[in-house]
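Structure, as structure tokens:
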Amino acid sequence: MGIDAVNLGHIDLNLLVHLDALLRERSVTRAAVRVGIGQSAMSHNLARLRELFGDELLTRGPDGLRPTPRALTLLEPVQTMLAQVEALVSRDQTFDPATAVRTFRFGLPDSMEILIMPALLARMREVAPGIHLRLYNIDPSRLLDDLDADEMDLAIGYEPLQEGQFHHKRRKLFTETFLCMFNAEKTGIMPPITLDDYVRLPHVLTSLRPGRSARGFVDDALQKLGLRRSVALTTQRFLTVPSLVAHAPVIVTMGSRLARRFSAELGLSLSPPPVELNEITVSLLWHGSYDHDPAHAWLRDQVAELVAEM
């Protein structure tokens with residue numbers, strides 16, 4: 002179906018920019034600041050938007066402006082459309098990494114920061130010195146929401162994640178197996194670790210989900226055997242794990258890539274887990290509005306190539 006240019010010509014498409022700001026900020030004052038106009042002008046544009054869509058769009062509540070159901074259905078298509086327009090008019094479709102100047106916001110756990118970012122940073126300085134990487138921690142339960150809100154350009158996460166929609170794009174990077182890591186001298190055991198020792202020793206648990214109970218995939222595997230472990234410490238930061246394990250009679254079960262690196266650096270012992278653990282998939286995620294952005298696609302390829310070389 003063709004575009005009705007006559008009817009479309011009667012619409013001020015800049016109103017959609019203001020609608021996006023209003024739905025993001027849920028405040029006329031903050032939306033006005035976001036797009037660089039006065040508050041009265043934004044109020045006038047809200048009235049025009051209400052007339053255009055035949056809906057109140059935003060209603061006043063005790064905690065500020067609230068979007069109507071109609072407004073909530075507009076949020077994603079408006080943001081996607083604006084991102085596509087921006088890509089058309091402001092981004093060079095013949096992207097040249099050597100001259101490009103751009104910031105990419107990455108959401109990822111610190112385990113992936115340790116594994117991937119040193120090589121990616123080195124690659125960027127060599128072939129794309131104008132690319133700036135800004136890294137953020139992630140909450141897996143909010144990851145897709147953060148992509149929808151344009152809080153980050155790319156994310157790296159452990160599956161399983163939330164069930165996404167069509168616009169949530171994923172690219173498998175690798176699958177990870179697990180190893181147990183411990184200080185043989187502190188624990189008084191040598192690899193391979195037995196199931197009895199595995200249950201007897203206190204564990205360090207890494208969990209990216211704040212405020213959740215100290216439970217992970219290891220607990221699920223042990224439960225199938227009618228067993229339980231003791232968790233001495235739970236942390237969101239993988240980076241602290243090798244120091245914790247090196248100085249205390251504890252054990253950690255973690256991804257084999259990081260475990261091998263940490264054990265080599267600190268002289269820690271490694272052992273296959275004495276319980277059956279499924280492999281875990283690590284994926285690259287992004288919003289579909291960036292799917293055809295040449296700079297974004299180039300960076301995704303760089304990450305995938307570097308991971309394949311690891």
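Under this note's numbering, think of the first position of the sequence shown as 2, with each following residue one higher.
Quick reminder that beta carbons are idealized off the backbone N, C-alpha and C, glycines included.
The C-beta of M118 has 16 or more other C-beta atoms within 10 Å across all chains shown, which makes the residue buried. Within 10 angstroms of the beta-carbon of L155 lie 16 or more other beta-carbons, which makes it buried. Secondary structure at I117: helix, using DSSP grouped into helix, strand and coil. Counting only the Cα atoms, L121 lies some 33 angstroms from L76. Residue range 257-267 is occupied by the alpha helix (DSSP H) that includes S257.
Here the C-alpha atom of G108 lies approximately 37 angstroms from the C-alpha atom of G227. E310: member of the alpha helix (DSSP H) spanning 295-310, first to last residue. Taking the C-beta atoms as reference points, F175 is found no nearer than 8 angstroms to V18. Taking 8 angstroms as the cut-off, the Cβ atoms of F167 and G256 do not count as close.
Taking the Cα positions, L300 is about 17 angstroms away from D151. The beta carbons of L24 and A72 sit about 6 angstroms from each other, so the pair counts as a contact at 8 angstroms. Going by DSSP, T30 is part of the alpha helix (DSSP H) stretching over 29-36.
About 12 angstroms separates the beta carbons of L14 and R49, which is beyond the 8 angstroms limit, so they are not a contact pair. Per DSSP, reduced to three states, the secondary structure at E277 is coil, with no helix or strand assignment. For P243, the enclosing alpha helix (DSSP H) starts and ends at 242-248. Fully contained in the region 97-161 are the following beta strand (DSSP E) runs of length 3 or more, in chain order: 103-108, 132-137, 155-159.
Per DSSP, S44 is one residue of the alpha helix (DSSP H) stretching across 40-54. Pairing R67 with L59 gives a Cβ-Cβ distance under 8 angstroms.
In the structure shown, the three-state DSSP call for M191 is coil.
For F183, the closest of D220, I252, L53, M311 by C-alpha to C-alpha distance is I252. Residue environment for V276: buried (at least 16 other C-beta atoms within 10 angstroms of its C-beta). With a cutoff of 8 angstroms on beta-carbon distance, F218 and L271 are scored as not near each other. Counting of Cβ neighbours within 10 angstroms places D111 among the buried residues, the total reaching 16 or more.
Secondary structure of P68 (DSSP, three-state): strand. One thing to note: T188 has its Cβ no nearer than 8 angstroms to the Cβ of V242. Secondary structure note for H19: its alpha helix (DSSP H) is the uninterrupted segment 15-26. Around the Cβ of M125, a 10 Å sphere holds 16 or more other Cβ atoms; the residue is buried. The C-alpha of A185 lies about 41 angstroms from the C-alpha of D302. Per DSSP, reduced to three states, the secondary structure at F175 is strand. About 6 angstroms separates the beta carbons of T282 and K173, which is inside the 8 angstroms limit, making them a contact pair.
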